[in-house]
Amino acid sequence: MNFDDVPLWIAILVSAVVLIGAALTFIGALGLVRSESFYQRIHMPTLGTSFGAIGILLGSAVLSSFAEGRFIAHEVLIFVFVSVTTPVTLMLLARAALHRDRVEGSKEVPSALVKPSDQ
Amino acid sequence: MSAMILWWSITLAQVLLAAAMLATLYRLIVGPRAQDRVLSLDSMYVVAMLLLVTFGMRVGTVIYFEVALLIGLLGFVGTVALAKFLMRGEVIE
Numbered sequence: 007m008n009f010d011d012v013p014l015w016i017a018i019l020v021s022a023v024v025l026i027g028a029a030l031t032f033i034g035a036l037g038l039v040r041s042e043s044f045y046q047r048i049h050m051p052t053l054g055t056s057f058g059a060i061g062i063l064l065g066s067a068v069l070s071s072f073a074e075g076r077f078i079a080h081e082v083l084i085f086v087f088v089s090v091t092t093p094v095t096l097m098l099l100a101r102a103a104l105h106r107d108r109v110e111g112s113k114e115v116p117s118a119l120v121k122p123s124d125q
Numbered sequence: 019m020s021a022m023i024l025w026w027s028i029t030l031a032q033v034l035l036a037a038a039m040l041a042t043l044y045r046l047i048v049g050p051r052a053q054d055r056v057l058s059l060d061s062m063y064v065v066a067m068l069l070l071v072t073f074g075m076r077v078g079t080v081i082y083f084e085v086a087l088l089i090g091l092l093g094f095v096g097t098v099a100l101a102k103f104l105m106r107g108e109v110i111e
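This is the structure we're talking about:
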């Protein structure tokens, strides 16, 4: 693709958005390494699937629109699929892990919230 | 000028995404349990999809975008099947 025809402000905007998205995805993956228990770790990939994906896909859509000279927004499809399927899969995985931990009597199961009426 | 800015920023984004993939690979290898490995596999396909989108931005073809769309469509099926397997011990009952 010939990037020289792209206006400078579009180039700066796309660069910033893509870098923010990649950095958020990296922070999420780093959290996957650093968190202590599985129930903390399961929150981490959502950083990449929400704003990491928004950043990179928005940058791609804007760049291809300005390089081709017409409005292109195929990337919305990817974002819709990812943002719809991620909560479902992570909830299924969390329930499977909770089932396994409860059967084994593991200490990692997060304790239930104490209701104010019980105190 | 704008070509240089875009080239460097996309390269840096690809380096960051590759580092994110290495982090998920570490969790995939170290574990410690099966659900951690499934979770890291799930986040790894998302990172691979975003990496393919950045490759497509650099080259300018639609092929990379279509592959990323396929991964986004079908990638979650593997995680759902593995979560079902962890829950019940079999995928199709």
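As given, the protein sequences belong to chains L and S, one line each in that order. For the first sequence, our numbering begins at 7 and goes up steadily by one. For the second sequence, our numbering begins at 19 and goes up steadily by one. Just so you know, even glycine gets a beta-carbon here, dropped at the ideal spot from N, CA and C. These figures come from a predicted structure and were not determined experimentally.
- In terms of CA proximity to L:A22, S:T29 leads the group S:A38, S:T29, S:A66.
- When Cβ pairs closer than 8 angstroms are counted between the two stretches, the stretch 96–112 of chain L is seen not to touch the stretch 22–38 of chain L, the count staying below three.
- A straight-line Cα-Cα distance of about 25 angstroms links S:L104 and S:M67.
- Taking S:L70 as the centre and dropping the five residues before and after it, the same chain places the C-beta of Y82, V85, A86 closer than 6 angstroms to its C-beta, in chain order.
- Taking the beta carbon of S:L91 as reference, the chain L residues within 7 angstroms of it are F87, listed in sequence order.
- In the three-state DSSP reduction, L:P93 falls in the helix class (H, G or I).
- CA-to-CA, the gap between L:T95 and L:F77 works out to about 32 angstroms.
- Between L:G34 and L:G54, the beta carbon gap of about 5 angstroms places them in contact (Cβ cut-off 8 angstroms).
- In this structure the stretch 78–97 of chain L touches the stretch 42–53 of chain L; the number of beta carbon pairs closer than 8 angstroms is three or more.
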